[in-house]
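As numbered in the working numbering, residues 19 to 139 make up the sequence shown, in order.
Let me begin by presenting the structure, written as structure tokens, before commenting on it.
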Amino acid sequence: MDYAIIATGGKQYRVAPGDRLDVEKLPAEPGAKIELTDVLMVSQDGKVTVGAPMVPGAKVVAEVEEQRRGEKLVVFKFKAKTRHGVKTGHRQSLTRLRITEIVPESALADTRPRQEETDGA
């Protein structure tokens, strides 16, 4: 099974092609394709590649399905001795993504020739 672990919005997610997930709001319109390049690990065809900290050249391609807001969280602050309470709410802005493709490092391998080290002599 092909999957990857990505980092976005300060959190880490395990994703596979076809998955839908809600992440912290990203600046993209619905229907747009985005590339998530902070890939921490890729597992493809039984081969696992772990980054240090990121897998170089790997990316996850996703489509933005919608921009939405999460469920309301109730925040209640209470002062014990004065019996004073303040109730507020919070709704987080989210982006719903549908993962379309995981591109491992081998497909984007760096093809530039490496510079050989010299002694300076």
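We put the CB at the ideal spot given by N, CA and C, even for glycine.
As the structure is a computational prediction, the values presented were derived from the model and not from experiment.
Neighbourhood of residue i by C-beta distance below 7 angstroms, restricted to the same chain and skipping five residues each side
i   : result
L39 : Y31, V33, L115
G27 : V41, E42
A70 : none
Residue i versus residue j: straight-line alpha-carbon distance, rounded
i    : j   : result
L112 : A46 : 11 angstroms
H108 : R86 : 14 angstroms
L58  : K95 : 38 angstroms
P48  : D56 : 21 angstroms
A98  : K65 : 57 angstroms
Residue i in three-state terms, based on DSSP
i    : result
E84  : strand
L126 : Because L126 sits at a pLDDT of 45, beneath the cut-off of 50, its placement in the model cannot be relied upon, and the following sentence gives the value as read from the coordinates. Looking at L126 - three-state DSSP - the assignment turns out to be helix.
K90  : coil
A46  : coil
M19  : coil
Close Cβ partners of residue i (< 8 angstroms) along its chain, the five nearest in sequence each way excluded
i    : result
K90  : G107, H108, R109
A125 : Confidence at A125 is low in this model, with a pLDDT of 49, below 50, so its placement is unreliable and the value that follows should be read with caution. Correct list, in chain order: G75.
From the options, residue whose alpha carbon lies closest to that of residue i
i    : options              : result
V121 : P74, T100, V93, V104 : P74
I24  : V66, K77, P48, G64   : K77
V140 : K105, T100, A98      : No statement about residue 140 is possible, as the shown extent of the chain runs from 19 to 139 and does not include it.
E123 : V68, G88, H102       : V68
Own chain partners of residue i with C-beta closer than 6 angstroms, once the 5 adjacent residues on each side are dropped
i   : result
S61 : Y21
Stretch pair the stretch 75-84 + the stretch 113-121: three plus CB contacts closer than 8 angstroms: yes
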